[in-house]
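> Quick one: the structure is below, and I'll ask about it shortly.
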Amino acid sequence: DVKVTQSSRYLVKRTGEKVFLECVQDMDHENMFWYRQDPGLGLRLIYFSYDVKMKEKGDIPEGYSVSREKKERFSLILESASTNQTSMYLCASGRTQYFGPGTRLLVL
Amino acid sequence: GENVEQHPSTLSVQEGDSAVIKCTYSDSASNYFPWYKQELGKRPQLIIDIRSNVGEKKDQRIAVTLNKTAKHFSLHITETQPEDSAVYFCAASNGNQFYFGTGTSLTVIP
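Protein chains in written order, with the working numbering: chain X, 1 to 108; chain P, 1001 to 1110.
Below, the structure is given as structure tokens:
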């Protein structure tokens, strides 16, 4: 059974803080993805990676960066959190998109 | 880039009736069309998918149809049950990125 885990379920941060969201998968998938989910907007792709140390911008990369140092781990970084980054963040891996449980981030 | 539109945004049906959710896509390079179900407070989960070389696929009460010429695909749920209540997302993929619809909130009324 595929397992995709995310480091936190809920996170509260202050404006300007640096935020790290981590995603780990145990199925040796090459492809990993970060989305944000907002009501009425569906899932929007922030970044994706199809190999270690590779990264590609998605539709809304501004304000975010990513790191993929190991195949099983894909990190999303908010360099300086802002209130408009309050959202649900979902990680996915694999060619059919196995999703993690999500991290609900609140930026105050 | 790809643009996926999904309708309706909300759908209420009586238990036992059928539900149909429709999506359109714009990029003819898209060749994989999955559907995800997201229950309240849970992660999206793949329920059925179809590739561009197939017109229809069925799995028990769930079926998906694809019309490549018209660039639209649909999810059909028959004999709906209360546990089918959830948000459903369609997606289109070209093998790299996935583009999601905005979701349909399905409510099955007992």
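Where a beta carbon is used, it is the ideal one built from N, C-alpha and C, also for glycine.
Any Cβ of chain X within less than 8 Å of the Cβ of P:D1059?
For the purposes of this step, residue 1059 of chain P is taken as residue 59 along the second sequence, with counting starting at 1. Closer than 8 Å: no.
> Note down, in chain order, all residues in the segment 44-55 of chain X with a beta-carbon under 8 Å from any beta-carbon belonging to chain P.
Under the 8 Å Cβ criterion, the segment 44-55 of chain X contributes R44, L45, F48 and Y50.
> Cβ closer than 9 Å: which chain X residues qualify as neighbours of P:D1049?
Taking the first residue of the second sequence as 1, we reach residue 1049 of chain P at position 49. Going along chain X in sequence order, the residues near P:D1049 (Cβ under 9 Å) are T96.
> Give a yes or no on whether the minimum CB-CB distance between P:P1110 and chain X is below 8 Å.
Here residue 1110 of chain P refers to the residue found at position 110 of the second sequence. So, not an interface residue.
> Need the endpoints of the beta strand (DSSP E) that P:A1086 sits in, please.
Taking the second sequence and counting its residues from 1, the one referred to as residue 1086 of chain P is at position 86. That run of the beta strand (DSSP E) goes A1086 to S1093.
> The beta strand (DSSP E) that contains P:I1077, what's its start and end?
The sequence position of residue 1077 of chain P within the second sequence is 77, counting from 1. Run containing P:I1077: H1072 to I1077, per the beta strand (DSSP E) assignment.
> For a contact meaning CB atoms closer than 7 Å, what does X:P101 contact in chain A?
The chain labelled as chain A is not found among the protein chains of the depicted structure, namely X and P.
> Give me the DSSP bridge partner(s) of P:Y1036.
Locating residue 1036 of chain P in the second sequence gives position 36, where the first residue counts as 1. P:L1046 and P:F1089.
> What is the rounded straight-line gap between the Cα of P:E1079 and the Cα of P:N1053?
Position 79 of the second sequence holds residue 1079 of chain P. Position 53 of the second sequence holds residue 1053 of chain P. About 28 Å.
> Quick check: P:F1100 and X:G42, are their CB atoms within less than 8 Å of each other?
Sequence index remark: in the second sequence, residue 1100 of chain P carries index 100 (1-based). Sequence index remark: in the first sequence, residue 42 of chain X carries index 42 (1-based). Going by C-beta atoms, P:F1100 is nearer than 8 Å to X:G42.
> What residues match up with P:E1056 in a beta bridge as DSSP calls it?
Start at 1 with the first residue of the second sequence, and residue 1056 of chain P comes out as number 56. DSSP output for P:E1056 lists P:T1065 as bridge partner(s).
> Looking at C-beta atoms only, is the number of pairs between the segment 13-25 of chain X and the segment 74-91 of chain X that lie closer than 8 Å three or more?
The segment 13-25 of chain X vs the segment 74-91 of chain X: in contact.
> Look at X:E86 and X:V52 and say whether their C-beta atoms are less than 8 Å apart.
Sequence index remark: in the first sequence, residue 86 of chain X carries index 86 (1-based). Sequence index remark: in the first sequence, residue 52 of chain X carries index 52 (1-based). The residue asked about is misnamed: residue 86 of chain X is Thr in this sequence, not Glu. No, the pair does not count as a contact, with Cβ atoms beyond the cut-off.
> Could you compute how far the alpha carbon of P:A1086 sits from the alpha carbon of P:T1107?
Locating residue 1086 of chain P in the second sequence gives position 86, where the first residue counts as 1. Locating residue 1107 of chain P in the second sequence gives position 107, where the first residue counts as 1. When rounded, the distance between both Cα atoms is 7 Å.
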